[in-house]
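Have a look at the structure below, then the notes.
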Amino acid sequence: TRGEVDYRLELHGRNKFEIPMPTFADLYKQQLLQPLSVFQVFCVALWLLDEAWKYALFGLFSVLGFEATSVMTRLKNIQMIRGMGNTARRLHAHREGRWMAISSEEVVPGDLISVARAEGSGGDVVPCDCLLLGGSAVVNEATLTGESVPQMKEQVGHDPEALAEALDIKGSHKVNVLFGGTSLIQLSPSAGGRLRTPDGGCLCRVLRTGFSSSQGELVKMIEFSASSGSASDPENLRQSLMMILLLLCFAVVASAYVLKEGLESGNRTRYELLIHCILIVTSVVPSDLPMQLALAVNASLMYLMKLQVFCTEPFRVPMAGKLDMCLFDKTGTLTTDQLQAVGLVSAEGAGGGTGSSSKAP
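Using my numbering, the letters of the sequence shown correspond one by one to residues 2 to 362.
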């Protein structure tokens with residue numbers, strides 16, 4: 002009924018990825034309140050107290066400019082993620098005892114819909130996660146799994162034993178579920194059944210929509226991926242803390258020596274000695290180091306984006322320098338089903354460069 006549809010729309014939301022677009026001022030304020038940014042501003046204040054105002058102002062300008070650049074990059078990424086949703090299209094849903102044409106953004110869990118290929122952009126994309134009740138389909142799930150081999154989907158069993166079994170989307174019933182965001186290659190509607198689809202599509206029951214679907218979970222992972230790897234990599238955190246503690250020991254010894262020599266000579270006031278000692282301790286983590294690391298990561302991310310590679314966890318980019326080999330579990334992750342052999346290179350030719358290659362027929 003209409004009341005049930007309104008209730009489920011309010012409960013689950015519309016079948017679209019509604020990602021709020023923050024303003025530049027809000028993100029800029031959030032970036033400046035980060036611990037590293039506060040630490041850099043604190044170091045700038047210390048240099049100002051030591052009357053090194055040229056170096057301090059240059060450092061402050063660098064911090065403000067870099068954070069503004071980071072905010073612009075973040076806004077660009079959010080804008081790109083906002084465009085990852087499916088294009089809204091018309092489909093048929095069985096409501097109030099009859100078939101009616103509605104927008105794909107208005108479907109709710111529990112709806113009976115007809116999944117069919119439509120003309121235009123996005124017409125072959127499954128709008129949500131749904132259970133196949135009638136017919137069969139061949140889909141391409143490369144957008145979710147990276148596997149380019151088409152997957153065969155069959156209707157769920159209608160016998161009492163199959164109906165009594167609990168639904169397991171990621172287990173035994175995976176072959177009966179059409180996942181949102183996947184592309185339809187071929188459809189075969191059911192010949193029997195009491196409920197026939199008006200457009201020759203497959204009869205499906207909606208399971209999950211919006212951010213609750215498989216495609217929505219992927220978008221959430223990209224949008225809310227962690228920006229720091231300390232919590233997710235305990236080994237990296239332990240090594241960083243050990244290095245900081247080691248440097249801190251040297252800094253404390255150096256500060257104590259400066260304080261002792263300054264008090265004995267009497268050439269400087271206690272205020273100047275205190276400022277210098279604090280500067281030595283804060284130099285354990287150079288104020289420019291976070292900015293330099295972030296610049297290196299951003300440069301790597303921009304290069305990867307030019308190669309059509311989107312990184313969901315930027316904090317793992319520096320860790321990639323430790324890798325000396327990469328292993329993959331399947332060929333379909335790296336290749337597609339449209340590759341063509343163009344030739345063969347002998348082992349002698351690959352090693353010495355004098356071998357000959359033969360063209361494939």
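Note that beta-carbon positions come from the ideal geometry of N, C-alpha and C, so glycine has one too. Predicted model, so just to flag it, every value in this text is computed and none were measured.
query	result
Top-ranked residue by Cα proximity to Met222, from Ile82, Leu33 and Glu5	Ile82
Distance between Asp27 and Cys131 (C-alpha atoms, nearest Å)	38 Å
Close beta carbons around Ser229, own chain, < 8 Å, minus the five adjacent residues each side	Annotation note: pLDDT 44 at Ser229 (below 50); position unreliable, coordinate value reported separately. Hits under 8 Å: Phe316.
Own chain partners of His277 with C-beta closer than 7 Å, once the 5 adjacent residues on each side are dropped	Val259
DSSP state of Ala342 mapped onto helix, strand, coil	coil
Straight-line Cα distance separating Gln152 from Ala140	A small fix is needed here, since residue 140 is Val in this sequence, not Ala. When rounded, the distance between both Cα atoms is 5 Å.
Rounded straight-line distance, which links the Cα of Val253 to that of Gly217	51 Å
DSSP state of Ala1 mapped onto helix, strand, coil	In the structure displayed, the chain extends from 2 to 362; residue 1 sits before or after that span and is not available.
The stretch 98 to 109 touching the stretch 6 to 14, judged by at least three CB pairs closer than 8 Å	yes
Segment limits, beta strand (DSSP E) that includes Ser207	Note on identity: in this sequence residue 207 is Val, with Ser being the wrong assignment. It spans Cys203 to Arg209 - the beta strand (DSSP E) in which Val207 sits, taken as one unbroken run.
Close-in-space but distant-in-sequence residues of the same chain around Tyr56 (CB under 6 Å, 5 per side omitted)	Trp48
Where Asp130 sits in the DSSP three-state scheme	strand
Through-space distance from Val207 to Arg96, alpha-carbon basis	13 Å
First and last residue of the uninterrupted beta strand (DSSP E) at Ser137	Ser137 to Asn141
Spatially closest choice to Leu33 from Ala69, Leu58 and Val220, by CA coordinates	Ala69
Continuous alpha helix (DSSP H) stretch holding Leu34: start and end	Leu34 -> no alpha helix (DSSP H), and no H or E assigned at all.
Through-space distance from Cys129 to Arg209, alpha-carbon basis	6 Å
Own chain, CB closer than 6 Å to Val64, minus 5 neighbours either side, in chain order	Gln41
Three or more C-beta pairs below 8 Å linking the stretch 181 to 195 and the stretch 144 to 159	yes
Cβ neighbour criterion (16 or more within 10 Å) applied to Phe25	exposed
Burial state of Ala138, where buried means 16 or more other Cβ atoms lie within 10 Å	buried
Check: Leu308 C-beta below 8 Å from any heavy atom of the ligand NAP	With respect to the ligand NAP, the structure shown offers nothing to examine, as it has no ligands at all.
Residues bridged to His93 [DSSP beta-bridge criterion]	Ala102 and Ser115
Cut-off 8 Å between Cβ atoms - residues of its own chain near Gln80, not counting five sequence neighbours on either side	Met22
Per-residue burial, Ser266 [other beta carbons within 10 Å of its own, 16 or more giving buried]	exposed
Bridge partner(s) assigned by DSSP for Ser184	Val126 and Asn141
Nearest-angstrom Cα separation, counted from Cys44 out to Val282	11 Å
Terminal residues of the alpha helix (DSSP H) in which Lys221 lies	Ser215 to Glu224
Lys261, DSSP secondary structure in three states	helix
Ser191 in three-state terms, based on DSSP	coil
Closest Cα partner of Leu249 within the set Lys175, Pro287 and Ile114	Pro287
CB contact flag (Gln240, Ser191, <9 Å)	no
Helix, strand or coil at Met153 according to DSSP, with G and I counted as helix	strand
Own chain residues within Cβ distance below 8 Å of Pro319, not counting five before or after	Leu294, Ala297 and Val298
Sub-9 Å separation of Ser115 and His93 beta-carbons	yes
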